[in-house]
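This report refers to the structure that appears directly beneath it.
Shown next as structure tokens:
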């Protein structure tokens, strides 16, 4: 049996010799050599639901951060073991010891809170919190702990030591429907615990593409086709009077085109409430004036387009209650979206 | 009876790595005249030998002599670590 062991160890020695020769050959030919720095062998890629795979970080693209990713994507972290330093003796004649010992940590930050993401397959696990101890004294109902914990993060650090079958498997985590996808930013940290060299990358999840959204609107509506002639027949003008409503539609956030990204267009169907003969909505208070009856409120509907994430809105529609000259044009804003935009700008 | 256990989590750890530790313990024990029964244990299962495991971390290597736990080593990085455990058993 020892003979088998000796043979196996000599095979490992030969394999180590081959790796060293390969490293020397690579150095001589200008190819990459084995390294301990995670930046030299780590690649982080985004697998979007639609479209091609995007490389975020690789040995050819080191040190990138604040990279925008789609919140529906899968982030995959891969390791090229051919570029890792193989185990070697720390002292002359000593046993081979690993030079690469990886820990993968992923954190999501939302506002002031920062929390680790788990599970990360092969590298981090979330152990559930222990069940609260129940009291059997007195035979009453079991009591529960007043405080609860989310669980314990357990890291499974991985050695690179082919001699003992220890590898560094690729891993991934999904952003869709998770707290990571809703985070302000995600931090990925790959550390070689042997050398304390690390690779840190931050990702910013974004809602790319078209997303349905219900939005408030305050349209200033102009009745079309009203002139002096029509006024004599009892048709009254309505010159950009305020009309509150709601828009059922969405906005499009472009990923590549800078202009479209800036404009952030949207479209949908706008439903508004108006009173053409006597404006009953007071824009200064945001309420219908006192004495307004439901029968006084008229409903308009029409397609809507918007810019800047539904902040600035345009509509062309029809008053469903008007007998004639029922078409109108409207320009308006969404106060909710405007406040959200301003809040985010102030926060920056 | 001398025993060697390599506890691993099949959800995270390569079984090959645990098996390599177990094989090394068997080979080295035989070579130095200490026959050892080696076994790998998936901690996600219900193996009765899980009583020797100190949860939650893996891979944990444990030596047991006549039913008594002797030594434990978490996530050994090289085969000489296993040899040393068997030497001390």
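Residue numbers (our numbering), protein chains in the order written: chain E, 2 to 349; chain G, 615 to 703.
Glycine included, each C-beta is placed from N, C-alpha and C at the ideal position.
Chain-order list of residues whose beta-carbon lies under 6 Å from that of residue i (same chain, five-residue window excluded)
| i | result |
| --- | --- |
| residue 701 of chain G | none |
| residue 617 of chain G | 651 and 678 |
| residue 307 of chain E | 267 and 314 |
| residue 187 of chain E | 109, 181 and 204 |
| residue 321 of chain E | 300 |
| residue 159 of chain E | 103 and 169 |
| residue 66 of chain E | 202 and 203 |
| residue 138 of chain E | Note that residue 138 of chain E scores a pLDDT of 43, beneath 50, so its modelled location is shaky and nothing firm can be said. |
| residue 78 of chain E | 45 and 172 |
| residue 155 of chain E | 126 and 128 |
| residue 642 of chain G | 697 and 700 |
Contact belief for residue i with residue j at Cβ below 8 Å, rounded distance in angstroms
| i | j | result |
| --- | --- | --- |
| residue 210 of chain E | residue 253 of chain E | 7 Å |
| residue 58 of chain E | residue 82 of chain E | Contact flag wrong, Cβ pair sits at about 17 Å. |
| residue 341 of chain E | residue 301 of chain E | Between residue 301 of chain E and residue 341 of chain E the Cβ distance is about 26 Å, and since that is not below 8 Å, they are no contact. |
| residue 653 of chain G | residue 619 of chain G | 6 Å |
| residue 222 of chain E | residue 331 of chain E | 4 Å |
| residue 112 of chain E | residue 185 of chain E | 7 Å |
| residue 121 of chain E | residue 101 of chain E | In fact, because the Cβ distance is near 18 Å, the residues do not count as touching under 8 Å. |
| residue 189 of chain E | residue 107 of chain E | 5 Å |
| residue 152 of chain E | residue 176 of chain E | In fact, because the Cβ distance is near 21 Å, the residues do not count as touching under 8 Å. |
| residue 623 of chain G | residue 655 of chain G | With a Cβ gap of about 10 Å, residue 623 of chain G and residue 655 of chain G do not count as contacting. |
Alpha-carbon to alpha-carbon, residue j and residue i
| i | j | result |
| --- | --- | --- |
| residue 682 of chain G | residue 690 of chain G | 21 Å |
| residue 206 of chain E | residue 72 of chain E | 5 Å |
| residue 344 of chain E | residue 263 of chain E | 18 Å |
| residue 95 of chain E | residue 117 of chain E | 38 Å |
| residue 199 of chain E | residue 115 of chain E | 19 Å |
| residue 46 of chain E | residue 297 of chain E | 58 Å |
| residue 220 of chain E | residue 329 of chain E | 11 Å |
| residue 693 of chain G | residue 54 of chain E | 39 Å |
| residue 48 of chain E | residue 76 of chain E | 6 Å |
| residue 224 of chain E | residue 272 of chain E | 15 Å |
| residue 197 of chain E | residue 245 of chain E | 59 Å |
| residue 265 of chain E | residue 309 of chain E | 5 Å |
| residue 163 of chain E | residue 667 of chain G | 25 Å |
| residue 161 of chain E | residue 80 of chain E | 10 Å |
| residue 70 of chain E | residue 124 of chain E | 22 Å |
| residue 324 of chain E | residue 277 of chain E | 11 Å |
| residue 229 of chain E | residue 243 of chain E | 23 Å |
| residue 212 of chain E | residue 255 of chain E | 11 Å |
| residue 166 of chain E | residue 645 of chain G | 22 Å |
| residue 218 of chain E | residue 339 of chain E | 11 Å |
| residue 631 of chain G | residue 687 of chain G | 14 Å |
Neighbouring residues, chain E, relative to residue i (Cβ below 7 Å)
| i | result |
| --- | --- |
| residue 617 of chain G | Those within 7 Å of residue 617 of chain G in chain E number zero; the least Cβ separation is about 17 Å. |
| residue 671 of chain G | 155 |
Listed by chain order, chain G residues near residue i by CB distance under 7 Å
| i | result |
| --- | --- |
| residue 98 of chain E | 691 and 692 |
| residue 168 of chain E | 628 |
| residue 123 of chain E | 626 |
Interface partners of residue i on chain G, CB under 9 Å
| i | result |
| --- | --- |
| residue 165 of chain E | 630, 631, 634, 635, 638, 690, 691, 692, 693 and 696 |
| residue 126 of chain E | 623, 625, 626 and 670 |
| residue 88 of chain E | 691 and 692 |
Close beta carbons around residue i, own chain, < 8 Å, minus the five adjacent residues each side
| i | result |
| --- | --- |
| residue 627 of chain G | 672 and 673 |
| residue 37 of chain E | 85, 86, 100, 101, 193, 195, 196 and 198 |
| residue 336 of chain E | 217 and 219 |
| residue 227 of chain E | 236, 237, 238, 239 and 326 |
| residue 685 of chain G | 676, 677, 699, 702 and 703 |
| residue 50 of chain E | 71, 73, 74 and 177 |
Cβ shell of residue i (< 7 Å), same chain only, five flanking positions each side left out
| i | result |
| --- | --- |
| residue 269 of chain E | 248, 249, 250, 251 and 305 |
| residue 615 of chain G | 651 and 680 |
| residue 174 of chain E | 76, 107, 118, 121 and 181 |
| residue 636 of chain G | 618, 620, 652, 653 and 654 |
Neighbour list for residue i in chain G, Cβ cutoff strictly below 8 Å
| i | result |
| --- | --- |
| residue 162 of chain E | 691 and 692 |
If we require 3 or more residues per run, which beta strand (DSSP E) segments fall completely within the stretch 163-236 of chain E?
172-175, 186-193, 198-207 and 210-224
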